[in-house]
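Participant:
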Amino acid sequence: MQSFRHPHIIKLYQVISTPSDIFMVMEYVDGGELFDHIVKNQRLSEPEARRYFQQIISGVDYCHQHMIVHRDLKPENLLLDHNQNVKIADFGLSNIMADGEFLRTSCGSPNYAAPELMRSTPGQVVSGKLYAGPEVDIWSCGIILYALICGCLPFDDSHIPTLFKKIRSGVFVIPSYVSSGAASLLKIILQVDPMKRATVETIRTHAWFAVDLPEYLFPPDTEIESSVIDKEVLAEVCSRTGCSERSLLRALLCGDPHDPLAVTYHLSIDNKMSDVVRPNGQSPAHAFKDFYVAAASSPPTNFGPLRQTSVGPGVGAGRGGRLRRHSENHPEYYPPGGLFTKSLEPLPAAQGAAAHVGRPAHRSKWHLGIRSSSRPQDIMHEVYKALAKSGFEWKTIDDYQLIVRSKSPVTGEYTRVRMQLYLVEKERNYLVDFKLVEPAHTAARSRLHSSSGSFSTSFSTSFSTCDSAVMETDEDATFDFQQQQQPPPPPQAQKAQPEEQPAASQVIQFLEMAYQVIIRLTRS
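Using full-length UniProt numbering, the first residue of the sequence shown is number 1, and each one after it goes up by one.
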């Protein structure tokens with residue numbers, strides 16, 4: 001969390017650990033909980049509810065982009081600052097997401113928990129169902145939106161099993177005073193089937209959500225680091241702490257979040273952002289835009305004493321096409337009171353249309369595995385045929401997931417690959433994913449030897465609307481293998497070979513296995 005810099009996520013500045021206590025220095029938010037605001041005002045007007053919801057979705061999207069799932073979103077964990085802006089807090093139940101891996105722990109508040117988190121037995125920690133992560137946060141956001149607009153919860157009951165039954169049914173009442181736009185958004189978010197549930201992208205493009213949507217909430221280029229160094233704040237911190245500018249720069253550039261000078265600097269920056277004067281009734285978006293100095297695709301407008309532009313890629317060709325001179329790196333060329341990047345690259349002042357930087361070029365999509373629009377049953381049939389022709393051994397976990405292994409003729413080691421069929425919701429087609437399976441005793445130590453194939457092609461033209469591609473599996477299960485000749489005869493039990501430690505040779509073997517399967521699929 002210390003690396004998070006988002007206007008609607010509470011900031012963690014420093015963690016101090018002692019033998020008896022752990023102290024967390026966090027942002028001070030004095031506006032109370034959103035829950036108290038709802039209780040006090042009952043249901044909110046739709047413009048006010050929309051404003052809160054836009055800020056919540058922006059913060060949640062930021063978390064998901066940084067591979068964090070909150071898992072306990074509710075009005076009690078949404079704080080309001082003195083400007084009535086939302087701050088997402090309490091990440092105690094959050095978890096780190098990993099590509100190709102699923103979560104299965106049931107957690108969160110029952111009224112806001114997604115159906116896939118419902119435990120079959122009271123007190124059970126693991127629900128038995130797998131989930132990726134973002135979809136459970138989206139469900140919670142839908143419950144919060146309903147509470148904002150209606151002043152009550154869509155699913156409520158004092159008896160927990162009855163409450164779970166209501167949530168699993170997905171049946172809720174939308175009052176007549178709710179506009180058609182808000183009602184349609186609630187319906188696509190509160191979908192029991194996580195594969196049909198709205199995503200952040202779906203919500204962003206919804207007509208009701210897009211009304212008066214501030215540009216700063218979803219900056220076009222989120223891959224560029226959003227932190228820059230403010231020279232005015234730099235001088236202020238040096239003056240107050242008595243340190244040299246070089247010492248403060250060293251503290252900021254070394255990346256140690258626990259450094260006292262770095263903590264002091266970030267506190268001063270956030271204090272300055274909160275005190276930015278908004279002339280002529282300027283909206284909070286303009287003040288908060290300072291948090292996205294480097295993330296915006298075009299230079300923001302001047303706000304008070306701060307002049308901001310996009311961060312360039314360093315010495316060389318700038319994003320606007322101008323070749324930067326090495327002399328511009330000299331401190332004499334820093335704009336007075338302006339900003340410069342963590343690589344000490346000066347930021348030119350944004351002046352008129354000449355300083356405008358266009359949107360980044362469209363990036364190619366990367367896929368893990370091979371894609372097809374055939375029926376999932378047909379895809380798996382072709383996969384079985386390809387595995388048999390390649391001479392691989394496999395164990396069926398479920399209808400759409402396999403563990404495949406092959407023995408290296410050079411090292412004699414077995415390489416295991418997990419193959420799974422996914423539904424790609426946006427394109428309405430399917431993805432066969434390849435993932436190297438590490439032995440249990442090395443998986444916990446390192447992910448260094450993990451790899452995945454990166455290929456994209458199509459081997460069928462038939463279309464299917466089936467969306468039940470991802471099935472459940474037990475990550476801790478032990479599998480037996482049997483040589484398969486024709487797809488897919490029932491596997492016969494055989495003792496699994498002992499796990500070998502992954503090595504570079506296994507990565508090569510994994511890539512060769514993926515290559516063989518993909519080649520056979522594309523030629524079938």
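In this text, a Cβ means the ideal position worked out from N, Cα and C, and glycines have one as well. Because the structure is a prediction, the values reported are computed rather than measured.
(1) Three or more C-beta pairs closer than 8 Å, one from the region 196-210 and one from the region 42-60: is that the case here?
(2) Taking E27 as the reference, give the member of L185, F35, Q14 with the closest Cα.
(3) Applying the criterion that 16 or more other CB atoms from any shown protein chain within 10 Å of the CB defines a buried residue, is C63 buried or exposed?
(4) For the region 109-163, which segments carrying the beta strand (DSSP E) assignment without a break, of at least 3 residues, lie completely within its bounds, in sequence order?
(5) Kindly list the residues whose CB is nearer than 6 Å to the CB of Q420, restricted to its own chain and excluding five residues on each side of it in sequence; keep chain order.
(6) With a threshold of 16 other CB atoms inside 10 Å of the CB of G59, please say whether the residue is buried or exposed.
(7) Find out if the Cβ-Cβ distance for the pair D61, V200 is shorter than 8 Å.
(8) Below 8 Å CB to CB, which residues in the same chain sit around L163 once its five sequence neighbours on both sides are set aside?
(9) Output needed for S268: all residues of its chain with C-beta closer than 7 Å, excluding positions within five of it in sequence on either side, in chain order.
(10) Considering only residues of the same chain and omitting the five flanking positions on each side of G92, which have a CB-CB separation below 8 Å?
(11) Would you call the region 176-187 in contact with the region 76-83, where contact means no fewer than 3 C-beta pairs closer than 8 Å?
(12) Taking the alpha carbon of V29 as the point to measure from, which residue in P161, F23, L80 has its own alpha carbon closest?
(13) Closest to K389 by C-alpha separation, out of I518, I143, E48, would be which residue?
(14) Let's test the definition: count the other Cβ atoms within 10 Å of the Cβ of K40 and tell me whether it reaches 16, buried, or not, exposed.
(15) On a CA-only basis, which of L117, I138, I88, D137 is nearest L130? Give me that one, please.
(16) Per DSSP, T415 forms a beta bridge with which residues?
(17) Classify K166 as helix, strand or coil using the three-state DSSP reduction.
(18) Quick one: grab the DSSP three-state call for R43.
(19) Taking 6 Å as the limit between beta carbons, can you name the residues of its chain near A49, skipping five residues before and five after?
(20) To the nearest angstrom, how far is the alpha carbon of H70 from that of I88?
(21) Less than 8 Å between the C-beta atoms of L436 and Y422, yes or no?
(22) What is the DSSP secondary structure of I10, reduced to helix, strand or coil?
(23) Residues in the same chain with beta-carbon distance under 8 Å from R416, minus the five sequence neighbours each way, listed in chain order, please.
(24) From the DSSP secondary-structure annotation, give me the bridge partner or partners of V69.
(25) Buried or exposed: which applies to K11, given that a residue is buried once 16 or more other Cβ atoms fall within 10 Å of its Cβ?
(26) Less than 8 Å between the C-beta atoms of P115 and V192, yes or no?
(27) Around the C-beta of P47, are 16 or more other C-beta atoms found within 10 angstroms, so that it is buried, or is it exposed?
(28) Determine the DSSP secondary structure at Y422, reduced to helix, strand or coil.
(29) How would you label L253, buried or exposed, when you count the other beta carbons within 10 angstroms and need 16 or more for buried?
(30) Compute the beta-carbon to beta-carbon distance between M67 and M97, rounded to the nearest angstrom, for a pair I have assumed lies under 8 Å.
(31) Taking only three categories from DSSP, how would you classify N85?
(32) Quick one: what's got a C-beta closer than 8 Å to L153's C-beta in the same chain, skipping five residues either side?
(33) What residues in its chain sit with their C-beta under 6 Å from that of H330, if we drop five residues either side in the sequence?
(34) For the candidate residues H266, S374, I189, G412, whose alpha-carbon lies nearest to that of S3?
(35) Could you work out which residue in V263, Y384, P134, I57 is closest to N95 when comparing CA atoms only?
(36) Output the distance between the C-alpha atoms of T241 and N83, rounded to the nearest integer angstrom.
Facilitator: A quick look at the data gives this:
(1) yes
(2) Walking along the sequence shown from the start, residue 27 turns up at place 27. Cα-wise, what sits closest to E27 is Q14.
(3) Translated into positions along the sequence shown, residue 63 becomes position 63. Buried, since its Cβ has 16 or more Cβ neighbours within 10 Å.
(4) 126-131
(5) Your numbering for residue 420 matches position 420 in the sequence shown. The residues are Q401, D433.
(6) Along the sequence shown, one-based indexing puts residue 59 at 59. Result: buried.
(7) As a working mapping, residue 61 is identified with position 61 in the sequence shown. As a working mapping, residue 200 is identified with position 200 in the sequence shown. Cβ distance < 8 Å, so D61 and V200 count as in contact.
(8) Residue 163 sits at position 163 when you count from the first residue of the sequence shown. Once the five neighbours on either side are set aside, the close Cβ partners of L163 are P110, N111, F155, D156, D157.
(9) Here the question's residue 268 lines up with position 268 in the sequence shown. Around S268: V233, E236, V237.
(10) As a working mapping, residue 92 is identified with position 92 in the sequence shown. Here the set comprises D72.
(11) no
(12) Residue numbering aside, residue 29 sits at position 29 when the sequence shown is read from its first letter. Of the candidates P161, F23, L80, the one whose C-alpha sits nearest the C-alpha of V29 is L80.
(13) Counted from its first residue, the sequence shown places residue 389 at position 389. Taking only the C-alpha atoms, the option nearest K389 is I518.
(14) Locating residue 40 in the sequence shown gives position 40, where the first residue counts as 1. By the neighbour-count rule (16 or more Cβ atoms within 10 Å), K40 is not buried but exposed.
(15) Taking the sequence shown and counting its residues from 1, one reaches residue 130 at position 130. The candidate whose alpha carbon is nearest that of L130 is L117.
(16) Along the sequence shown, one-based indexing puts residue 415 at 415. S406, per the DSSP bridge assignment.
(17) What you label residue 166 is simply residue 166 of the sequence shown in a count that begins at 1. Of the three classes helix, strand and coil, the one that applies to K166 here is helix, per DSSP.
(18) In the sequence shown, the residue the question calls residue 43 occupies position 43. In this structure, R43 counts as coil in the three-state DSSP scheme.
(19) Within the sequence shown, residue 49 is the residue found at index 49, counting from 1. Answer for A49: L148, I149, listed in chain order.
(20) Residue 70 sits at position 70 when you count from the first residue of the sequence shown. Residue 88 sits at position 88 when you count from the first residue of the sequence shown. Near 9 Å, if we compare the C-alpha coordinates of I88 and H70.
(21) Taking the sequence shown and counting its residues from 1, the one referred to as residue 436 is at position 436. Taking the sequence shown and counting its residues from 1, the one referred to as residue 422 is at position 422. No, the Cβ-Cβ distance between L436 and Y422 is not below 8 Å.
(22) Reading the sequence shown from its first residue, position 10 is the one you call residue 10. I10 falls in the coil class under three-state DSSP.
(23) Residue 416 sits at position 416 when you count from the first residue of the sequence shown. Within the same chain, R416 has close Cβ partners I403, V404, R405, L436, V437.
(24) Residue mapping note: residue 69 aligns to position 69 of the sequence shown, counting from 1. Looking at the DSSP assignment, V69 forms a beta bridge with N95.
(25) Working through the sequence shown from its first residue, we reach residue 11 at position 11. By the 10 Å Cβ count, K11 comes out buried.
(26) Here residue 115 is taken as the residue at index 115 of the sequence shown, counted from 1. Here residue 192 is taken as the residue at index 192 of the sequence shown, counted from 1. For P115 and V192, yes; Cβs fall inside 8 Å.
(27) For this step, residue 47 is matched to residue 47 along the sequence shown. P47 comes out exposed.
(28) Position 422 of the sequence shown, counted from the start, is the residue given in the question as residue 422. Y422 falls in the strand class under three-state DSSP.
(29) On the sequence shown, residue 253 is found 253 positions in, with the first residue counted as 1. Exposed, by the Cβ-count rule.
(30) Walking along the sequence shown from the start, residue 67 turns up at place 67. Walking along the sequence shown from the start, residue 97 turns up at place 97. With a Cβ gap of about 5 Å, M67 and M97 count as contacting.
(31) Indexing the sequence shown from 1 puts residue 85 at position 85. Of the three classes helix, strand and coil, the one that applies to N85 here is coil, per DSSP.
(32) Taking the first residue of the sequence shown as 1, we reach residue 153 at position 153. The answer, listed in chain order, is N111, I143, Y146, A147.
(33) Reading the sequence shown from its first residue, position 330 is the one you call residue 330. Bear in mind that a pLDDT of 38 at H330, under 50, signals an unreliable position, so the number given afterwards is only what the model happens to contain. So the list is empty, once near-sequence residues are dropped.
(34) Here residue 3 is taken as the residue at index 3 of the sequence shown, counted from 1. Among H266, S374, I189, G412, the Cα nearest to that of S3 belongs to H266.
(35) To locate residue 95, count along the sequence shown from 1; it is residue 95. Checking every option, the nearest Cα to that of N95 belongs to P134.
(36) Position 241 of the sequence shown, counted from the start, is the residue given in the question as residue 241. Position 83 of the sequence shown, counted from the start, is the residue given in the question as residue 83. Rounded to the nearest angstrom, the two C-alpha atoms are 30 Å apart.
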